[in-house]
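No gaps in the numbering here: position 58 of the sequence shown is 157 in our numbering, and each next residue is one more.
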Amino acid sequence: MRKIFHLIFYFSFLFGYSQKDNVASGGEALGSGGTVSYSIGQVTYETNSGSDGNLNQGVQQPFEIFVILSNPEFISDLTKITLLPNPAVNTVVLSVSDLNNFEGAIYNLTDITGKIIEKGNINSKDTSLDVSTLPGACYFLNVFQNNKAIKSFKLLKKAF
100 MRKIFHLIFY FSFLFGYSQK DNVASGGEAL GSGGTVSYSI GQVTYETNSG
150 SDGNLNQGVQ QPFEIFVILS NPEFISDLTK ITLLPNPAVN TVVLSVSDLN
200 NFEGAIYNLT DITGKIIEKG NINSKDTSLD VSTLPGACYF LNVFQNNKAI
250 KSFKLLKKAF
């Protein structure tokens, strides 16, 4: 009898937490057509499409915060550096509007782990970088001047 009690006790811990998830938020919506319970943080399990749009049930819709990091000491010159196109397939162009303000500037392209893939000097207004051989992923292009990071771009490489 004691062995059965122990087995039931141990198995209750296995099944006591099934179908439970810690989610960020959730709620319930009521309407004339019925009730919908929702939570944010679940994995997708069904997608329904119709003429009015799509419904992804049980999904936290992904979004990306796209921030360009910068050094506040160079705030007036930061808008003068651009990286286009982004996302890229074959080539990206790093452009500076006034080369005199960026004398001695260098760049390095790193992967998500920080490994330097390519580096070079910014010697012209438009510096082309060939990214065609890179696999589709997220990269960072950092611009330095006088050993200070002045701008960092998040570069998305499409896998085509």
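Heads up, the beta-carbon is just placed ideally off N, CA and C, and yes, glycines get one too. Being a predicted model, the structure only gives us computed values, none of them experimental.
Please work out which residues of its chain come closer than 6 Å, Cβ to Cβ, to Leu267, disregarding the five sequence neighbours upstream and downstream, and give them in chain order.
Limits of the chain in this structure are 100 at one end and 259 at the other, which puts residue 267 out of reach.
So, is Ala128 buried or exposed, given that buried needs 16 or more other C-beta atoms within 10 angstroms?
Sequence index remark: in the sequence shown, residue 128 carries index 29 (1-based). That one is exposed.
DSSP three-state label for Leu198, please.
As a first step, residue 198 must be located in the sequence shown, where it is residue number 99. DSSP places Leu198 in helix when its eight states are reduced to three.
Could you tell me which residues DSSP pairs with Gly213 in its beta bridges?
As a working mapping, residue 213 is identified with position 114 in the sequence shown. Paired residues: none, contrary to the question.
What are the start and end residues of the beta strand (DSSP E) that includes Val242?
Taking the sequence shown and counting its residues from 1, one reaches residue 242 at position 143. First-last of the beta strand (DSSP E) with Val242: 236-244.
Distance, Asn147 Cα to Gln159 Cα:
Residue numbering aside, residue 159 sits at position 60 when the sequence shown is read from its first letter. Residue numbering aside, residue 147 sits at position 48 when the sequence shown is read from its first letter. Per-residue confidence for Gln159 stands at a pLDDT of 48, beneath the threshold of 50, marking its modelled position as unreliable; no derived number is given.
Suppose the cutoff is 6 Å on Cβ atoms and the five residues either side in sequence are ignored; what does the same chain contact list for Leu215 look like?
Within the sequence shown, numbered from 1, the residue matching residue 215 stands at position 116. Note on residue identity: the sequence assigns Ile, not Leu, to residue 215. Once the five neighbours on either side are set aside, the close Cβ partners of Ile215 are Asn207, Thr209.
Short Cβ contact (8 Å threshold) for Ile221 with Phe201
Taking the first residue of the sequence shown as position 1, residue 221 is located at position 122. Taking the first residue of the sequence shown as position 1, residue 201 is located at position 102. Yes.
Which same chain residues, not among the five before or five after Leu182, have their C-beta less than 7 Å away from its C-beta?
Within the sequence shown, the letter at position 83 stands for residue 182. Contacts found: Val191, Leu193, Leu240, Phe252, Leu254.
Compare the C-alpha of Asn199 against each of Pro234, Ile249, Lys224, Ala236 and name the closest.
Translated into the one-based positions of the sequence shown, residue 199 becomes position 100. It is Lys224.
Out of Phe104, Ile103, Gly130, Asn245, which one is the CA nearest neighbour of Ala204?
On the sequence shown, residue 204 is found 105 positions in, with the first residue counted as 1. If we check each option's Cα against that of Ala204, Asn245 comes out closest.
Taking the alpha carbon of Ser196 as the reference point, which residue from Leu106, Pro184, Ile180 has its own alpha carbon closest?
Position 97 of the sequence shown, counted from the first residue, corresponds to residue 196. Selected option, being the one with the closest Cα: Ile180.
Spatial distance of Gly213 from Pro234 (CA atoms):
The residue labelled residue 213 in the question sits at position 114 within the sequence shown. The residue labelled residue 234 in the question sits at position 135 within the sequence shown. So the alpha carbons of these two residues sit roughly 16 Å apart.
For Lys179, which three-state DSSP category applies?
Start at 1 with the first residue of the sequence shown, and residue 179 comes out as number 80. Looking at Lys179 - three-state DSSP - the assignment turns out to be helix.
Reduced DSSP secondary structure (H/G/I, E/B, other) of Leu106:
Here the question's residue 106 lines up with position 7 in the sequence shown. Residue state, collapsed to three classes: helix.
Whole angstroms are fine: how far does the CA of Phe243 sit from the CA of Ala236?
The count along the sequence shown starts at 1 and reaches residue 236 at position 137. The count along the sequence shown starts at 1 and reaches residue 243 at position 144. Distance from the CA of Ala236 to the CA of Phe243, rounded to the nearest whole angstrom, comes to 23 Å.
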